[in-house]
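Numbering (full-length UniProt numbering), first residue to last: 1 to 278.
Even for Gly, the Cβ is constructed at its ideal location relative to N, Cα and C.
First up is the structure itself, then whatever we jot down about it.
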């Protein structure tokens, strides 16, 4: 069992102080109508950096911690780079030949060789499990503690703790992590943070750049009756401003996962974080 360093409290206090509790919070109850029309329950939290304002729908849920699922790939990639698990975003790890898929449907992009960049783009679980094994439990725990990521609990297996183990993170904590990643303020090398910022870009247009990561996690680790959970987190650079966002929704049915991105982008557009017609 890995013993945690007492330094975790220092980093946790730094993280907490950056969450903006002294700044303005604006509740958007009308957003829940958008969630309801989409047939899902969840929260959306957005931080407008220039205005120093937090916009939220369901503030209580925005502070509730859940499995990070594949949103943890952002952190995992940083660890992989600075631990030497891979040398850069292009180094290939060979596919082992095992066919993998989602909800019993094979995913072609998963069933081939992958790199840090392609694994981020296609959310290739096996690749990021392998780099976590290469980093090892001790180094992973050290990085988790230094960064103050979520509840810092990686019990449940070095290659599964973010999928069905004990790690938990809230929407508010997601945004704290993303803000520090965007500003080179995480305890990782500037090179690693720059690479992860680059491979997290999902859309790049003349008017805006979108960094984002989805996640789909099972809530059944402790309660077999709970719905799955869907994440969509990231930030938008648009009109000389940055908006950081984190949304999560319950997924009672697999088809609900497809609602994460359009719902979030619709509400970001209403705020002016994304241009019309994006």
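Nonlocal neighbours in the same chain, by C-beta distance under 8 Å from residue i, ignoring five residues either side
| i | result |
| --- | --- |
| residue 206 | none |
| residue 182 | 197, 211, 235, 242, 244 |
| residue 265 | 274, 278 |
| residue 193 | 78, 181, 184, 186 |
| residue 56 | 25, 26, 27, 28, 43, 44, 45, 46, 62 |
Euclidean distance between Cα positions of residue i and residue j
| i | j | result |
| --- | --- | --- |
| residue 242 | residue 86 | 30 Å |
| residue 91 | residue 115 | 5 Å |
| residue 47 | residue 23 | 10 Å |
| residue 51 | residue 39 | 31 Å |
| residue 276 | residue 269 | 6 Å |
| residue 166 | residue 118 | 27 Å |
| residue 33 | residue 73 | 31 Å |
| residue 209 | residue 267 | 17 Å |
| residue 8 | residue 160 | Since pLDDT at residue 8 reaches only 38, below the 50 mark, its modelled position is unreliable, and the value read off the structure follows with that caveat. Each residue's Cα considered, the two are about 22 Å apart. |
| residue 43 | residue 190 | 32 Å |
| residue 36 | residue 28 | 14 Å |
| residue 63 | residue 169 | 9 Å |
| residue 162 | residue 129 | 10 Å |
| residue 121 | residue 272 | 26 Å |
| residue 113 | residue 95 | 5 Å |
| residue 108 | residue 150 | 32 Å |
| residue 229 | residue 123 | 16 Å |
| residue 88 | residue 195 | 8 Å |
| residue 177 | residue 97 | 35 Å |
Buried or exposed by the 16-neighbour rule on C-beta atoms within 10 Å, applied to residue i
| i | result |
| --- | --- |
| residue 245 | buried |
| residue 105 | exposed |
| residue 180 | buried |
| residue 68 | buried |
| residue 99 | exposed |
| residue 21 | Residue confidence for residue 21 is low, a pLDDT of 48 falling below 50, so the modelled location carries little weight; the figure read from the coordinates is stated next. Exposed: under 16 other Cβ atoms inside 10 Å. |
| residue 102 | exposed |
| residue 174 | buried |
| residue 152 | buried |
| residue 248 | buried |
| residue 61 | buried |
| residue 25 | exposed |
| residue 258 | exposed |
| residue 240 | exposed |
| residue 200 | buried |
| residue 58 | buried |
Extent of the continuous beta strand (DSSP E) run through residue i
| i | result |
| --- | --- |
| residue 43 | 42-48 |
| residue 27 | 24-27 |
| residue 212 | 208-217 |
| residue 234 | 228-238 |
| residue 86 | Looking at the DSSP string, residue 86 is not in any beta strand (DSSP E), and its letter there is neither H nor E. |
| residue 54 | 53-57 |
Where the alpha helix (DSSP H) containing residue i begins and where it ends
| i | result |
| --- | --- |
| residue 246 | Unbroken run through residue 246 is the beta strand (DSSP E), 241-251; no alpha helix (DSSP H). |
| residue 82 | 73-83 |
| residue 204 | Per DSSP, residue 204 belongs to no alpha helix (DSSP H); it is in the beta strand (DSSP E), 201-204. |
| residue 126 | 125-135 |
| residue 122 | 116-122 |
| residue 171 | 171-182 |
| residue 270 | 260-271 |
Integer Cβ distance of residue i from residue j, believed to fall under 8 Å
| i | j | result |
| --- | --- | --- |
| residue 231 | residue 211 | With 8 Å as the limit, residue 231 and residue 211 do not qualify as a contact, their Cβ atoms being about 14 Å apart. |
| residue 214 | residue 260 | 6 Å |
| residue 137 | residue 158 | 5 Å |
| residue 45 | residue 54 | 7 Å |
| residue 127 | residue 93 | 6 Å |
| residue 218 | residue 164 | 6 Å |
Cβ-based neighbour list, residue i, same chain, cut-off 6 Å, excluding 5 preceding and 5 following
| i | result |
| --- | --- |
| residue 263 | 38 |
| residue 250 | 41, 227 |
| residue 135 | 79, 83, 85 |
| residue 110 | 100, 124 |
| residue 143 | 79 |
| residue 256 | 40 |
Close beta carbons around residue i, own chain, < 7 Å, minus the five adjacent residues each side
| i | result |
| --- | --- |
| residue 131 | 76, 80, 85, 86 |
| residue 71 | 174, 213, 215, 231, 233 |
| residue 188 | 78, 82 |
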